[in-house]
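Colleague: Chains A and B, in that order, are what the protein sequence lines are. Using this note's numbering, the first residue of the first sequence is number 1, and each one after it goes up by one. Using this note's numbering, the first residue of the second sequence is number 102, and each one after it goes up by one. In this text, a Cβ means the ideal position worked out from N, Cα and C, and glycines have one as well. Mind looking over this structure? Questions follow.
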Amino acid sequence: MPHGDPDPTDPLTLTGVEVPAEEGDVLAMARGFAEEFAASGWDEPRLLAMFQQPFYLGPRLAYDQLGEARIREIVAEAVRPWRALREARAKQESQRRNAHA
Amino acid sequence: MPKVRNWQINREMDYPYEAAFPERQFAFVINTNRCIGCQTCTMACKSTWTFSKGQEHMWWTNVETKPYGGYPAFWDAKLLKMLDGRNPDKQVWEAETFRGQTIFEGAPPHGSRVMGYLPTDQDWATPNLYEDNAVGPKGEVDKLHETGEQLPVHKTWFFYLARLCNHCSYPACLAACPRQAIYKRPEDGIVLIDQSRCRGYRKCVEACPYKKSLYRPTTRVSEKCIACYPRVEGKDPEAGGQRMETRCMAACIGQVRMQGLVKMTKEGDWAEERQHPLYYLVKVAKVALPLYPQFGTEPNGYYIPPRWVPRDYLFQMFGPGVEQAIDRYTVPDRELVAVLQLFRRSNRIIYRYEIEEGPKVYESEFHGKPFTLYDDTVIAFGEKGEELFRTKVEEPFMTRPDKHINWV
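Below, the structure written as structure tokens:
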């Protein structure tokens with residue numbers, strides 16, 4: 001873990017390397033985070049908290065650049081199929097219980 | 102030099118030995134979209150195989166933060182540059198075929214058998230250089246900024262690339278060894294260094310394009326990932342005779358890795374096993390791609406590419422299948438949703454899966470494409486056809502209670 005400023009005499013210090021980045025990369029990254037974690041069972045509040053948390057650098061970067069409203073939309077879209085799945089299961093379970101009652 | 106067929110670059114290529122293929126091949130898929138760079142795999146390997154004197158710099162498996170990170174430093178950028186220098190502007194793909202030179206074809210005519218380089222001690226010294234890591238107050242060790250505002254911020258994209266020996270079908274380490282101390286096991290394709298034959302010339306270290314062969318100064322011979330072969334053979338005390346995945350695979354808390362043994366044809370391609378999860382991911386869905394296939398070693402590690410990274414970078418890293426792989430992964434079909442749930446539900450090697458179809462629960466558009474979700478169950482089977490586990494398409498989610506928050 002670095003504790004000081006970069007040492008310009010250190011041959012391993014990164015200097016002047018540029019990588020290509022396109023507009024929309026942050027959006028794609030934010031969607032990636034939201035959809036991967038939604039598929040892992042995370043719900044909306046938990047996902048939103050991840051984007052707001054400053055220690056999660058990538059999600060927070062997206063949150064700062066895209067704004068909370070856009071992040072909320074992304075999160076809502078990501079959880080929609082999985083919420084539908086949970087609702088369908090709950091309905092099925094309730095029907096099963098009613099049938100046994 | 103003999104000609105061999107390399108299906109990943111879709112052509113024949115030069116290789117110092119005649120082609121020979123194992124019955125089954127050790128192979129793995131890593132989903133970079135889900136890797137959180139926790140280094141649990143790295144430490145699982147380290148604590149199992151490379152904890153001894155002389156192995157301090159050895160990380161048979163590691164996770165590097167791309168695009169800047171690399172162990173050894175800039176391993177891939179250096180080799181790509183060397184190849185381009187040897188064959189300027191001709192290192193190109195023509196549709197599915199790589200028209201440039203592989204590391205075997207780019208080797209100098211009267212020198213080494215393989216184009217490569219020997220990393221310096223300094224290159225090996227910093228496995229986590231440029232890793233996304235937290236920074237604390239200046240001069241204070243083991244302290245973090247409480248609000249995080251001083252953390253380094255990546256202004257653009259990055260992703261974690263987990264790497265280990267690819268147990269290549271045409272290993273560069275094996276090709277380069279003047280002692281013929283490196284061999285590929287006929288039963289599972291695992292590439293090993295015979296420690297008694299090795300004299301430590303480091304030709305394998307120089308030749309391996311992925312830099313996964315390493316020299317040990319205390320024994321003066323080279324070492325590399327052994328694919329946890331006692332586990333793969335089912336000889337681990339915990340295995341009970343069943344074949345188990347490697348330590349780095351089994352330890353993955355992000356559930357991004359799956360390893361198995363795929364059946365090979367006599368011609369060196371994967372034999373059709375439609376219900377094998379690795380066969381499905383690599384050959385049917387084609388969402389998992391080899392790492393730098395243009396190097397020509399036919400690596401057996403495959404990656405689901407990160408969907409947010411610029412495509413030209415990914416094209417260079419994973420070849421021409423990138424666009425299609427990301428499209429299919431981003432809006433997965435019914436089978437892919439189910440197969441992705443097979444990752445890390447068990448530490449046993451999966452040989453086959455079946456899907457038990459459930460009702461349709463969702464139908465809409467996702468990223469502008471039709472997407473349907475079914476409440477399916479996927480069942481995994483082992484080598485002898487025994488059921489290993491079954492799981493739903495939705496991942497079970499558990500929250501550790503406050504009382505046991507750090508309980509292990």
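Is the CB of Val509(B) under 8 Å away from at least one CB in chain A?
Modeller: Caution is warranted here: a pLDDT of 48 is assigned to Val509(B), below 50, making its placement in the model unreliable, and no coordinate value can be reported.
Colleague: Give the residues of chain B in contact with Met29(A), contact being defined as C-beta atoms less than 8 Å apart.
Modeller: Ordered by position in chain B, the residues that pass the 8 Å Cβ test against Met29(A) are Trp258 and Trp409.
Colleague: Taking 8 Å as the threshold, find out whether the segment 176–192 of chain B comes into contact with the segment 200–208 of chain B through three or more Cβ pairs.
Modeller: Touching, yes, given that three or more Cβ pairs across the two stretches are closer than 8 Å.
Colleague: Leaving aside the five residues before and after Lys285(B) along the sequence, list all residues of the same chain whose C-beta is less than 6 Å from its C-beta, in chain order.
Modeller: Here the set comprises Val292.
Colleague: Between the beta-carbon of Ile405(B) and the beta-carbon of Val130(B), is there less than 8 Å?
Modeller: Their beta carbons are under 8 Å apart, which means Ile405(B) touches Val130(B) by this criterion.
Colleague: Would you please verify whether the beta carbon of Pro81(A) is less than 8 Å from any beta carbon of chain B?
Modeller: Answer yes: the Cβ-Cβ gap between Pro81(A) and chain B drops below 8 Å somewhere.
Colleague: Out of curiosity, what's the CA-to-CA distance linking Val75(A) and Leu441(B)?
Modeller: Going by the C-alpha atoms only, they are around 21 Å apart.
Colleague: Following the continuous alpha helix (DSSP H) through Ala38(A), name the residue where it begins and the one where it ends.
Modeller: Its alpha helix (DSSP H) spans residues Asp25 to Ala39.
Colleague: Which residues in the same chain as Gln156(B) place their Cβ atom closer than 7 Å to its Cβ, once the five residues preceding and following it in sequence are excluded?
Modeller: Same-chain partners within the cutoff: Arg317.
Colleague: Is it right to say Thr9(A) is buried, meaning 16 or more other beta carbons lie within 10 angstroms of its own, or is it exposed?
Modeller: Under this definition Thr9(A) is an exposed residue.
Colleague: Mind checking Arg97(A): buried by the 16 CB within 10 Å criterion, or exposed?
Modeller: Under this definition Arg97(A) is an exposed residue.
Colleague: Against chain A, with Cβ distances strictly below 8 Å, would Asn134(B) count as a contact?
Modeller: Closer than 8 Å: yes.
Colleague: Under three-state DSSP, which class holds Val242(B)?
Modeller: Here Val242(B) sits in coil by DSSP.
Colleague: Given Ala121(B), which residues of its chain have a CB within under 7 Å of its CB, disregarding the five upstream and five downstream residues?
Modeller: There are no such residues.
Colleague: Label Pro378(B) either buried or exposed according to how many other C-beta atoms from any shown protein chain fall within 10 Å of its C-beta, with 16 as the threshold for buried.
Modeller: That one is buried.
Colleague: Confirm, please, whether the CB-CB distance from Leu262(B) to Lys179(B) is below 8 Å.
Modeller: Against a cut-off of 8 Å, the Cβ pair of Leu262(B) and Lys179(B) comes out as no contact.
Colleague: In terms of residues, what are the limits of the beta strand (DSSP E) holding Lys470(B)?
Modeller: Its beta strand (DSSP E) spans residues Lys470 to Tyr475.
Colleague: Identify the contact partners of Val479(B) in chain A, using a Cβ-Cβ distance below 7 Å as the criterion.
Modeller: Ordered by position in chain A, no residue passes the 7 Å Cβ test against Val479(B), which lies about 14 Å from the chain.
Colleague: Going by alpha carbons, who is nearest to Tyr452(B) out of Phe205(B), Tyr380(B), Pro331(B) and Val215(B)?
Modeller: Out of Phe205(B), Tyr380(B), Pro331(B) and Val215(B), Tyr380(B) has the C-alpha closest to the C-alpha of Tyr452(B).
Colleague: Give the C-beta separation of Thr141(B) and Cys353(B) to the nearest angstrom, bearing in mind that I take them to be a contact with Cβ-Cβ under 8 Å.
Modeller: Confirmed, about 6 Å.
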